[in-house]
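Add 442 to a position in the sequence shown, counting from 1, and you land on the number used in my numbering. We treat Cβ as the ideally placed atom computed from N, Cα and C, and that holds for glycine. A short worksheet on the structure shown next.
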Amino acid sequence: MKRQLIKHVLQRDDIGSTVEVAGWIRTRRDSKGGFSFLEMNDGSSFDGLQVIADGSLPNYQSEIQQLHIGAAASVVGELVESPGAGQRIELRATEIVVHGWADPESYPLQKKRISFERLRELAHLRPRTNTFGAVARIRNALAASTHRFFQDRDFLYLHTPIITGSDAEGAGDMFRVTTFDPASPPRTEDHQVDYSQDFFGRPTFLTVSGQLEAETYASALSNVYTFGPTFRSENSNTRRHLAEFWMIEPEMAFADNHDNADLAEEYLRYLFRGLLDDHSRDLDFFNQWVDEGLIDRLTSVADREFERITYGEAIDVLQKAETQFDFPVQWGSDLQSEHERYLTEAAFGRPVIVTDYPFDIKAFYMRRNDDHTTVAALDVLVPGVGEIIGGSQREERLEVLADSLERKGLDAADYWWYADLRRFGSVPHAGFGLGFERLVQFSTGMQNIRDVIAFPRTPHNAEF
Ligand code: 4AD
Ligand code: MG
443 MKRQLIKHVL QRDDIGSTVE VAGWIRTRRD SKGGFSFLEM NDGSSFDGLQ
493 VIADGSLPNY QSEIQQLHIG AAASVVGELV ESPGAGQRIE LRATEIVVHG
543 WADPESYPLQ KKRISFERLR ELAHLRPRTN TFGAVARIRN ALAASTHRFF
593 QDRDFLYLHT PIITGSDAEG AGDMFRVTTF DPASPPRTED HQVDYSQDFF
643 GRPTFLTVSG QLEAETYASA LSNVYTFGPT FRSENSNTRR HLAEFWMIEP
693 EMAFADNHDN ADLAEEYLRY LFRGLLDDHS RDLDFFNQWV DEGLIDRLTS
743 VADREFERIT YGEAIDVLQK AETQFDFPVQ WGSDLQSEHE RYLTEAAFGR
793 PVIVTDYPFD IKAFYMRRND DHTTVAALDV LVPGVGEIIG GSQREERLEV
843 LADSLERKGL DAADYWWYAD LRRFGSVPHA GFGLGFERLV QFSTGMQNIR
893 DVIAFPRTPH NAEF
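Pasting the structure below:
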């Protein structure tokens, strides 16, 4: 017999049919009548399946009564209507095979609640909990919707390199990739490390963004997007920074920053509408146990237009605010998390797209505005999380790009191929990057970014 996922079994109404399921035991309750209830979960849905194991089963005493939380088993049985509250159907077992035992003395996930901090140390087992199972399903749904959204709009999915020689943000927060023995790397005559002898014959790093490579393909195939891992060695120990995170980066040729903002808003609202329509069971759980405003917030974001303001207007709003901020607000300084939250939560009560930031606080590739002091940048800020998207129209004019590189103290020689795109058939183009984990945080209400990725990498932590 072919095993079925519990999520499909729970939808069935052909009472009397025989089905096989498999999964992990969540609870066992023994009844006085000489039978037991097993609650089984296989991760396919939030809800598990209740199994009734009768005392007449041949392995009832020898095995079934030794089953505890965490043990793995498969069950063949008959679908019956459930008399109990809480479930519509249950499975009356005719055969139970135990695959793997879990010793209740040493299995760390017992019934009582365990803190998220402790569960980070148990990252190999935490997907078996309600919360982390639900996070994994929501994360998967957002990834699948992302591909659907871009594919439906004729964006081409592009795989950009993970090992790179370019600093896409020009910020220097890169992890070095080398095969040298750190104790004795080859040296040049003037005692510098000689990277010409390294694996790639040059310095290389893990990418901070696929954007620059995506621009090359947008400059040939029109609309593209990447969805891949990115790495930043910034020493930020906050609830919204990871050293390894996933980013979705669409890039559009023949597009300006307004088109960019339109795409960002349409994409986000599409994602949240999809979650509300198709993943309500997991969202209900988060709404009840993690963040009670979640469903209202997702609904209002999906249904209402985002606010759009310039950086200058944002500074005005913040300067007029009654709130005392830790970081002073002045034209020219970057928005801090507290400012982003004020704008989205107190001032506008919705996502805010802030555009036209000062040149001095943004990356070299952003298109210079006619005022010569701001760039056609765009950040999308959302309540609770703050910046979820960063993007811009790109500088398509060769001489302005050269000037920006110089003013940012970057070596134009490192960006020769990027500059070539401005030499040959240059077009206005724009794109953005969505931080996938921040998206999962916003979609679940989970407070800490370490709890929305399977194995978080943060300063001083790369266990597993
Ligand atoms: O604003 P960022 O740095 O923009 C870029 O990397 C551009 N190259 C994107 C583009 O235009 N194609 O990063 C984009 C997003 C941020 O808005 C944030 O959501 C997320 O990536 N992000 C991080 N997420 C988790 N941990 C970190 N350390 C992050 N740094 C950025
Ligand atoms: Mg940014």
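Inset, instruction - Would you mind working out which of 878, 848 and 839 sits nearest residue 862, comparing C-alpha positions? - result: In the sequence shown, the residue the question calls residue 862 occupies position 420. The candidate whose alpha carbon is nearest that of residue 862 is 839.
Inset, instruction - Please find out if some non-hydrogen atom of the ligand SAM comes closer than 7 Å to the beta-carbon of residue 879. - result: You won't find the ligand SAM in this model; what it holds is the ligand 4AD and the ligand MG.
Inset, instruction - Give the secondary structure of residue 496 by DSSP, where H, G and I count as helix, E and B as strand, and everything else as coil. - result: To locate residue 496, count along the sequence shown from 1; it is residue 54. Here residue 496 sits in strand by DSSP.
Inset, instruction - State the Cα-Cα distance for the pair residue 521 and residue 756, rounded to the nearest angstrom. - result: In the sequence shown, counting from the first residue as 1, residue 521 sits at position 79. In the sequence shown, counting from the first residue as 1, residue 756 sits at position 314. Computed Cα separation, rounded: 59 Å.
Inset, instruction - Let me know the secondary structure DSSP gives residue 676 once reduced to three states. - result: Translated into the one-based positions of the sequence shown, residue 676 becomes position 234. Coil.
Legend entry - Where the alpha helix (DSSP H) containing residue 721 begins and where it ends: Counting from one through the sequence shown, the residue named residue 721 turns up at place 279. Where residue 721 is concerned, there is no enclosing alpha helix (DSSP H), given that its DSSP letter is neither H nor E.
Inset, instruction - Please classify residue 582: is it buried, with 16 or more other beta-carbons within 10 angstroms of its beta-carbon, or exposed? - result: The sequence position of residue 582 within the sequence shown is 140, counting from 1. Its Cβ having fewer than 16 others within 10 Å, residue 582 is exposed.
Legend entry - beta strand (DSSP E) segments (min. 3 residues) lying fully within the segment 742 to 816: 749 to 752 and 794 to 797
Legend entry - Complete runs of the beta strand (DSSP E) confined to the segment 481 to 550 [at least 3 residues]: 491 to 496, 514 to 523 and 531 to 542
Inset, instruction - Take every Cβ of the segment 826 to 839, pair it with every Cβ of the segment 793 to 813, and state whether three or more of those distances are shorter than 8 Å. - result: yes
Inset, instruction - Consult DSSP for residue 665 and reduce its assignment to one of helix, strand or coil. - result: Within the sequence shown, the letter at position 223 stands for residue 665. Three-state DSSP puts residue 665 in a strand.
Inset, instruction - Find the nearest neighbour of residue 495 within the set 479, 484, 485 and 486, judged by alpha-carbon distance. - result: Residue 495 sits at position 53 when you count from the first residue of the sequence shown. The residue with the shortest Cα to Cα distance from residue 495 is 479.
Legend entry - 8 Å contact criterion, which residue 828 and residue 783 should meet: CB distance rounded: Position 386 of the sequence shown holds residue 828. Position 341 of the sequence shown holds residue 783. Rounded, the Cβ-Cβ distance is 6 Å, consistent with contact.
Inset, instruction - Using 7 Å as the cut-off, classify the Cβ of residue 614 as near or not near the heavy atoms of the ligand MG, replying yes or no. - result: Here residue 614 is taken as the residue at index 172 of the sequence shown, counted from 1. No, the ligand MG has no heavy atom inside 7 Å of this Cβ.
Legend entry - 8 Å Cβ cutoff met for residue 644 and residue 637: Walking along the sequence shown from the start, residue 644 turns up at place 202. Walking along the sequence shown from the start, residue 637 turns up at place 195. Yes, these two residues count as a Cβ contact at 8 Å.
Legend entry - Span separating the alpha-carbon of residue 620 from that of residue 875: Indexing the sequence shown from 1 puts residue 620 at position 178. Indexing the sequence shown from 1 puts residue 875 at position 433. So the alpha carbons of these two residues sit roughly 27 Å apart.
Legend entry - First through last residue of the beta strand (DSSP E) which encompasses residue 563: The residue given as residue 563 occupies position 121 in the sequence shown. Note, residue 563: premise wrong, no beta strand (DSSP E); not H, not E.
Inset, instruction - Evaluate residue 689 with the Cβ neighbour count: other Cβ atoms within 10 Å of its Cβ, from every protein chain shown; 16 or more gives buried, anything less gives exposed. - result: Your numbering for residue 689 matches position 247 in the sequence shown. Buried is the call here.
Inset, instruction - Return yes when at least one heavy atom of the ligand 4AD lies under 7 Å from the C-beta of residue 670, else no. - result: In the sequence shown, the residue the question calls residue 670 occupies position 228. No, Cβ of residue 670 sits at least 7 Å from all heavy atoms of the ligand 4AD.
Inset, instruction - Would you list the residues sitting across from residue 472 in a DSSP beta bridge? - result: Here residue 472 refers to the residue found at position 30 of the sequence shown. 478, per the DSSP bridge assignment.
Inset, instruction - Would you kindly work out how many angstroms separate the C-alpha atoms of residue 699 and residue 514, rounded to a whole number? - result: Looking up residue 699 in the sequence shown gives position 257. Looking up residue 514 in the sequence shown gives position 72. Spanning the two alpha carbons is a distance of roughly 53 Å.
Inset, instruction - Going by DSSP, name the residue or residues bridged to residue 824. - result: Against the sequence shown, residue 824 aligns to sequence position 382. Paired residue(s): 828.
Inset, instruction - Please confirm if the segment 751 to 766 is in contact with the segment 704 to 722, defined as three or more CB-CB distances below 8 Å between the two stretches. - result: no
Legend entry - From 473, 443 and 887, residue whose alpha carbon lies closest to that of residue 459: Mapped onto the sequence shown, residue 459 falls at position 17. Taking only the C-alpha atoms, the option nearest residue 459 is 443.
Inset, instruction - Indicate, with yes or no, if the ligand 4AD has a heavy atom lying under 7 Å from the CB of residue 661. - result: In the sequence shown, the residue the question calls residue 661 occupies position 219. Residue 661 Cβ: outside cutoff for every heavy atom of the ligand 4AD.
Legend entry - Any non-hydrogen atom of the ligand 4AD closer than 7 Å to residue 689 Cβ: As a working mapping, residue 689 is identified with position 247 in the sequence shown. Result yes, Cβ under 7 Å from the ligand 4AD.
Inset, instruction - Drop a sphere of 10 angstroms on the beta-carbon of residue 506, count the other beta-carbons inside from all chains shown, and report buried for 16 or more, exposed for fewer. - result: Here residue 506 refers to the residue found at position 64 when the sequence shown is read from its first residue. Buried.
Inset, instruction - Determine the burial state of residue 706: buried for a count of at least 16 other Cβ atoms within 10 Å of its Cβ, exposed for fewer. - result: Sequence index remark: in the sequence shown, residue 706 carries index 264 (1-based). Burial call: buried.
Legend entry - Backbone secondary structure at residue 657 - three-state DSSP: In the sequence shown, counting from the first residue as 1, residue 657 sits at position 215. Residue 657: helix per DSSP, three-state reduction.
Inset, instruction - Compare the Cα-Cα distances from residue 832 to each of 664, 662 and 817 and report the closest residue. - result: The residue labelled residue 832 in the question sits at position 390 within the sequence shown. When only C-alpha atoms are compared, the closest one is 817.
Inset, instruction - Kindly indicate the opening and closing residues of the beta strand (DSSP E) around residue 871. - result: As a working note, residue 871 is residue 429 in the sequence shown. Unbroken beta strand (DSSP E) run through residue 871: 871 to 877.
Legend entry - Contact under 8 Å by Cβ, residue 499 with residue 463: Counted from its first residue, the sequence shown places residue 499 at position 57. Counted from its first residue, the sequence shown places residue 463 at position 21. The answer is no: Cβ separation not under 8 Å.
Legend entry - Environment of residue 692 [buried if 16+ CB atoms lie within 10 Å]: In the sequence shown, the residue the question calls residue 692 occupies position 250. Buried: at least 16 other Cβ atoms inside 10 Å.
Inset, instruction - Grab the span of the beta strand (DSSP E) containing residue 648 for me, first residue to last. - result: Locating residue 648 in the sequence shown gives position 206, counting from the first residue. First-last of the beta strand (DSSP E) with residue 648: 646 to 648.
Legend entry - residue 667 beta carbon less than 8 Å from that of residue 592: Position 150 of the sequence shown, counted from the start, is the residue given in the question as residue 592. Position 225 of the sequence shown, counted from the start, is the residue given in the question as residue 667. A contact, by the Cβ cut-off of 8 Å.
Legend entry - Reference residue 775; option with closest CA among 787, 801 and 791: As a working note, residue 775 is residue 333 in the sequence shown. It is 801 whose Cα lies nearest to the Cα of residue 775.
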